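A short write-up of the structure that comes next.
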Amino acid sequence: MTPPRPRGKEGGLVRPYVVTGGRSSASRNHFDLATLVISQSDLSRTGLTPEQRRVVELCLPGALSVAEISGHLCLPLSVLRILLADLMDSGHITTRAPIPAAQRPGKILLEEVLRGLRAL
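Numbering (the working numbering), first residue to last: 30 to 149.
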């Protein structure tokens with residue numbers, strides 16, 4: 030478990046309204062907790078805020094969910110959603126819906142498979 034970060038100037042605590050530029054909602058994109066975020070590595074990161082740069086770098090090895098990014102960066106979801114919307118608008122990230130869990134096969138199908146295996 031990660032220890033809590035110290036508050037004050039030494040801890041680097043920045044108020045959420047500063048991180049989001051005073052905005053309280055995302056421009057157009059709405060992100061579910063399980064939405065997967067993928068970084069576009071070929072774009073320049075100049076002009077991004079430190080928080081936006083951290084999001085892009087965190088997602089470079091592969092896709093992470095919105096909840097995972099929020100946990101890694103210790104950012105409230107409301108703030109992260111605004112940052113993600115900005116990054117999506119600029120083309121630095123893409124998103125996709127989470128992969129749904131596979132449906133369990135029915136009992137009849139399993140019995141037919143078992144019958145087929147026994148026949149071999």
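Yeah, the Cβ is synthetic: ideal placement off N, Cα and C, and Gly gets one too.
All figures in this text were calculated on a predicted structure; none of them were measured in a lab.
Query	Result
For Ala-126, which residues of its own chain have a beta-carbon under 6 angstroms away from its beta-carbon, when the five flanking residues on both sides are left out?	none
Where does the unbroken alpha helix (DSSP H) through Ser-73 begin, and where does it stop?	Note, Ser-73: premise wrong, no alpha helix (DSSP H); not H, not E.
To which residues of the same chain is Cys-88 closer than 8 angstroms at the C-beta, ignoring the five residues directly before and after it?	Val-66, Ile-67, Ser-68, Ile-98 and Ile-122
Around the C-beta of Pro-90, are 16 or more other C-beta atoms found within 10 angstroms, so that it is buried, or is it exposed?	exposed
How should Leu-139 be labelled, buried or exposed, when 16 other C-beta atoms within 10 angstroms of its C-beta is the threshold for buried?	exposed
Checking contacts by CB at 8 angstroms: is Arg-74 closer than that to chain B?	Of the protein chains in this structure there is only one, and it is not chain B.
How close, in whole Å, do the beta carbons of Leu-102 and Val-84 come, if the pair is a contact with beta carbons under 8 angstroms?	7 angstroms
Give me the residue from Glu-80, Pro-79, Arg-110 and Pro-134 with the minimum Cα distance to Ser-94.	Arg-110
Rounded to the nearest angstrom, what separates Glu-86 and Ser-73 at their Cα positions?	12 angstroms
Do Leu-112 and Glu-141 have their CB atoms nearer than 8 angstroms?	no
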